[in-house]
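All remarks here apply to the structure that follows.
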Amino acid sequence: MSELAVLGTCGAWPEAGRAASGFLLAADGFRLALDLGYATLPRLLERCAAGALDAVVITHAHPDHCADLSALCRALLFGEGRGGRLPLYCPPGVLGRVQAMEPTEDLREVFDPRPLPGDHEVGPFRLTGRLLPHHVPHAGVRLTAPGLTLAYSGDAGADPVLGELAAGADLLVAGATLLGPAADPHLLSAAEAGAWASRAGARRLLLTHFWPGADRARSVAEAAAAYDGEVLAADEGMVLSL
């Protein structure tokens, strides 16, 4: 059985009662964290112990996507441990950004960094990371396993590469930071997320990375106007079977 648990859904900073970007993907007993923004680690620990994680993928160095990597480091270093370094797939800049919050402990004692963009075998998954437009180096992600393809735009803007990552995906997890007409080449709007899901032939669309206070129902409606498949708004605690 494969499932995706939503740890956090907010862009920039978390609203009260929510968290920033983060997901936990499980397949064949393998657990992969996909982004760990503000306040995501407590929600992850409700689902599995820190030492039970098998890999972490971070799309870019903005703290609403990577800040709780620091908390995970401490949980592994001072808590239960895991009997070896945890594979960490991320673009340049992520380790340095998080290391700056931890002046006395070396993150490389806990994590085994591996580069994105790039292609990797990660447990049952084939991980494909490709550069997408953003304010810092950012890797969009495609994860494939037998009978499963998941694509994740992270916090990036529209680009043909996103269509390649999402082609035929069972689920496209896409940022919906903006409402209304697209206004920023570095961020996706809900309408753009719907349009790319349609072009890529994705089977389902999960919107996330909502600006705090945004009307999430409007985001779903704007995406659905451009996409005929199922559109969902991510919510903390949501679990999707894949």
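Numbering (the numbering used here), first residue to last: 1090 to 1331. Just so it is clear, CB atoms sit at the ideal spot from N, CA and C, and this is done for glycine as well. These numbers come from a predicted model, not from an experiment.
(message) Rounding to the nearest angstrom, what Cα-Cα distance links residue 1348 and residue 1107 in this structure?
(response) The structure shown has nothing for residue 1348, since the chain only spans 1090 to 1331.
(message) Let me check understanding here. Comparing Cα to Cα, which of 1298, 1276 and 1249 lies closest to residue 1288?
(response) 1249
(message) For a test of the three-state rule: what should DSSP assign to residue 1210, helix, strand or coil?
(response) When secondary structure is reduced to three states using DSSP, residue 1210 falls in the strand class.
(message) Would you call the region 1225-1240 in contact with the region 1148-1168, where contact means no fewer than 3 C-beta pairs closer than 8 Å?
(response) yes
(request) Out of 1306, 1103, 1101 and 1135, point me to the one whose CA is closest to residue 1113's CA. (result) The shortest Cα separation from residue 1113 among 1306, 1103, 1101 and 1135 belongs to 1135.
(request) Measuring alpha carbon to alpha carbon, tell me which of 1326, 1261, 1111 and 1327 ends up nearest residue 1320. (result) 1261
(request) Whole angstroms is fine: what's the gap from residue 1330's alpha carbon to residue 1232's? (result) Each residue's alpha carbon lies about 15 Å from the other.
(message) Which residues does DSSP list as the beta-bridge partners of residue 1319?
(response) 1293
(message) What does the alpha-carbon distance come out to for the pair residue 1197 and residue 1178?
(response) 13 Å
(request) For the beta strand (DSSP E) holding residue 1179, just list the boundary residues, first then last. (result) First-last of the beta strand (DSSP E) with residue 1179: 1175-1179.
(message) When you compare the CB positions of residue 1216 and residue 1161, do they come within less than 9 Å of one another, or not?
(response) no
(message) Let me confirm a value: residue 1311 is counted as buried when at least 16 other C-beta atoms fall within 10 Å, else exposed. Which label applies?
(response) With 16 or more other Cβ atoms within 10 Å, it is buried.
(message) Please report the distance separating the alpha-carbon of residue 1327 from that of residue 1199.
(response) Answer to the nearest angstrom: the Cα atoms are 29 Å apart.
(request) Under 7 Å Cβ to Cβ from residue 1209, same chain only, skipping five residues before and after it: list those, please. (result) 1178, 1203 and 1216
(request) Using only the heavy atoms of the ligand MG, determine whether one of them is closer than 8 Å to the beta carbon of residue 1185. (result) Questions concerning the ligand MG fall outside what the structure shown contains, since it holds no ligand whatsoever.
(message) For residue 1053, count the other beta carbons within 10 Å of its own beta carbon; 16 or more makes it buried, fewer makes it exposed. Which is it?
(response) The structure shown has nothing for residue 1053, since the chain only spans 1090 to 1331.
(request) Would you check if the distance between the CB atom of residue 1222 and the CB atom of residue 1245 is smaller than 9 Å? (result) yes
(request) Run the CB neighbour count on residue 1118, radius 10 Å, all protein chains shown included, and call it buried at 16 or more, exposed below. (result) exposed
(request) Reducing DSSP to helix, strand and coil, say where residue 1140 ends up. (result) helix
(message) Taking its Cβ as the centre, do 16 or more other Cβ atoms sit within 10 Å of residue 1180, making it buried, or is it exposed?
(response) buried
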